[in-house]
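Following: one structure in structure tokens, then a few remarks.
In mature numbering (1 follows the signal peptide of the UniProt record, and there is no 0), the protein residues as written are -19 to -1, 1 to 210.
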């Protein structure tokens, strides 16, 4: 009788361990799939910025070439025919407005963050125009215009975090990454188009204290110039 009981317990324990192993493997597979998807999204953002840079360089080259030709054709002694204002504006925004950046949180986890604390994306991937400052996590608009900003934030299991996008200290909008009711990592993303003045500063901050944000470059801040206003 004792032998039968012991044997039954061994079988039960074996089935429990096997079931637990299957759950762990399944959750690891789900997490791995999410990480692959995030990496894919980050590469897509990087390709978009690269194409914008390439397009702007091409436009700048064409404009400079056109300017040189116009100067040669309109020269009359020491007097020059003035360029149209729209043409000057196009040249200016191509030269000065070349602002595009992507930076991520390389640190594995930022925790015990205070209320309205700036989230610093310290690892720079792209920073055309050097308008993003990785030491303080702020972007400064080089000229008046419309700019696009994109943020992806990942939180760890059983955690949620609310972040805010801020312009010159004024809260514009917020975003929530909520994994509070799951044992899995969760991420969310937001895109904003903002009209800024030259010198305006944009950054991401916490809405309250006590948040934990997952890094390893899965939390990312990007932005780029769209057009002058």
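C-beta: ideal position from N, C-alpha, C; glycine also.
Terminal residues of the beta strand (DSSP E) in which residue 128 lies:
126 to 136
In chain order, what residues of the same chain lie with their CB nearer than 6 Å to the CB of residue 79, ignoring the 5 residues before and after it?
37, 109, 110
Below 8 Å CB to CB, which residues in the same chain sit around residue 12 once its five sequence neighbours on both sides are set aside?
165, 166
Just reading off the beta strand (DSSP E) that residue 81 is part of, what are its end residues?
81 to 85
Have a look at the DSSP bridge pairing and note the partners of residue 108.
82
Could you tell me the boundaries of the beta strand (DSSP E) in which residue 93 lies?
90 to 94
On the DSSP letters alone, give me the boundaries of the beta strand (DSSP E) that residue 159 sits inside.
151 to 159
Beta-carbon gap between residue 129 and residue 181 smaller than 8 Å:
no
With DSSP as the reference, identify every bridge partner of residue 145, one or two as the case may be.
155, 186
Could you tell me whether the Cβ atoms of residue 127 and residue 158 are closer together than 8 Å?
no
Select from 194, 94, 83 the residue whose C-alpha is nearest the C-alpha of residue 160.
194
Please report the distance separating the alpha-carbon of residue 232 from that of residue 199.
Residue 232 cannot be examined here, being either before or after the span of the chain that is shown, -19 to 210.
Output yes or no for whether 8 Å exceeds the beta carbon distance between residue 140 and residue 147.
no
Would you mind working out which of 210, 201, 196, 207 sits nearest residue 25, comparing C-alpha positions?
201
Collapsed DSSP secondary structure at residue 36 in the structure displayed:
helix
Which one or two residues does DSSP pair with residue 208 in a beta bridge?
127
What's the gap between the Cα of residue 100 and the Cα of residue 48?
43 Å
Look up residue 176 in the DSSP assignment and say whether it is helix, strand or coil.
strand
Would residue 33 pass as a contact of residue 205 if the rule is Cβ separation under 8 Å?
yes
Spatial neighbours of residue 188 within its chain, please: C-beta separation below 7 Å, excluding the five flanking residues on both sides.
143, 144, 145, 155
Check residue 17 in the structure and name its three-state DSSP category.
helix
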